[in-house]
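Residue numbers (this note's numbering): 1337 to 1613. No residue lacks a Cβ here, since even glycine has one placed at the ideal position from N, Cα and C.
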Amino acid sequence: MIRSVFGESVQGASHIRNGRECQDSLKKLEKDGDTVILAVADGHGSDSCPYSKTGSYVAVNVFCKILGDYLDTYDGQPALLLTFLKREGDTKVAQAIDAEWKRRILKIHANCKREALSDAEGNKDKEAIYKMYGSTLLGLVITKEFLFAFQLGDGDIVKVSETGVQNIIEADKILGTETHSLSKAESWKKAITFTKKQEENERHPVMYMLSSDGLANSFKNDDEFKKTCNDYYTLLNEHGAKEVSDHLKTWLSETSELGCGDDITALFAYYDDRNCE
């Protein structure tokens, strides 16, 4: 089995015109020959969230660290980890991510000597500080035995195979520009998780993709977005991961320019066994 993991974050066309930095972040962590952790986060980028690039950077690192720790704790016991994630993914795991993100944000805010906001009683206004770093989070753990997906806020996690495009998580859709955020109180309650045992005789090639909402929002409807997901899958099958990786930044920038103008991040894990004995 050949596995290729790659991705890009590009500054949105409208952000380039307005002189605003890319608010997206991505991270990939390949634990061993069979396990990969993927994370994509989208900082809100509004005037009330001036440090959301930092927030998204912290988010992807927190996801990879916490899920990596769980994999280490349950090393050699995939069935036990699968059971734990099924039972506790949207509670204990989500709570751990929420708490660690907020802990790191407060530390960064203090270390950078940024304004120490206070509430009406004169205490540190943690909620106001968190808001300045607001971000969504997508995460995916792929092992030989199971999949674990995590979503808080908008964006997409899809799987593409010869049977078509499948949303791994059907996320909450919020009208307008609002989205669920790590910056909100008890954000873990809005997290959605999905855990599934891998099929023993699954047909390959298979492509997994995490993308910030700038990608889907650049198409007129969900069918057009899924067609693009399938186009990436076809390109990978026909031309290989290096070719797609080499052109990905250009393609995403063109998508933003012709679409919604937002930052776009796409992170792929592609599995191909056609040339393996």
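Between the Cα of residue i and the Cα atoms of the options, which residue gives the shortest distance?
i        : options                                : result
Asp-1559 : Ile-1493, Phe-1530, Arg-1353, Val-1501 : Val-1501
Leu-1476 : Lys-1585, Lys-1578, Thr-1371           : Thr-1371
Met-1543 : Ser-1497, Leu-1442, Asp-1461, Leu-1594 : Ser-1497
Lys-1533 : Ala-1415, Phe-1561, Lys-1460, Ala-1432 : Ala-1415
Met-1468 : Thr-1499, Ile-1402, Val-1346, His-1380 : His-1380
Thr-1472 : Ser-1589, Gly-1491, Ala-1430, Asp-1383 : Gly-1491
Gln-1359 : Asp-1426, Leu-1453, Gly-1597           : Gly-1597
Ile-1504 : His-1516, Tyr-1466, Ser-1547           : Ser-1547
Tyr-1466 : Gly-1489, Ser-1517, Trp-1524           : Ser-1517
Leu-1594 : Ala-1349, Arg-1339, Ser-1340           : Ala-1349
Ser-1340 : Asn-1447, Gln-1347, Glu-1357, Glu-1366 : Glu-1366
Glu-1357 : Thr-1390, Gly-1343, Ile-1444, Asp-1567 : Thr-1390
Which one or two residues does DSSP pair with residue i in a beta bridge?
i        : result
Val-1429 : According to DSSP, Val-1429 bridges with nothing at all.
Thr-1529 : Phe-1486
Asn-1503 : Val-1494
Tyr-1606 : Ser-1340, Met-1543
Glu-1366 : Val-1372
Would you call residue i buried or exposed, if buried means 16 or more other Cβ atoms sit within 10 Å of its Cβ?
i        : result
Ala-1485 : buried
Thr-1586 : exposed
Ser-1592 : buried
Gly-1458 : exposed
Ser-1384 : exposed
Ala-1456 : exposed
Ser-1554 : buried
Leu-1511 : Because the pLDDT of Leu-1511 is 44, which lies under 50, any placement of that residue in the model is unreliable, and the question is left without a value.
Might you give, ordered along the chain, the residues of its own chain that have their beta carbon closer than 8 angstroms to the beta carbon of residue i, omitting 5 neighbours on each side?
i        : result
Asn-1573 : Pro-1541, Asp-1608
Glu-1579 : Leu-1571
Would you say the beta carbon of residue i comes nearer than 7 angstroms to a heavy atom of the ligand ADP?
i        : result
Val-1580 : Looking for the ligand ADP in the displayed structure turns up nothing, as the structure carries no ligands at all.
Can you give me the Cβ contacts of residue i inside the same chain, cut-off strictly under 7 angstroms, excluding the 5 residues immediately before and after it?
i        : result
Thr-1479 : Asp-1370, Thr-1371, Pro-1414
Ala-1521 : Glu-1463
Phe-1530 : Ala-1485, Ile-1504, Ile-1505
Thr-1515 : Thr-1472, Gly-1489, Asp-1490
Since residue i and residue j are thought to touch, with beta carbons under 8 angstroms apart, how far apart are those beta carbons, to the nearest angstrom?
i        : j        : result
Ser-1345 : Val-1396 : Not really, about 10 angstroms apart at Cβ, beyond 8 angstroms.
For residue i, collect the residues of the same chain with a Cβ closer than 6 angstroms to its Cβ; drop the 5 residues on either side in sequence, then sort them by chain order.
i        : result
Phe-1561 : Ala-1552, Phe-1555
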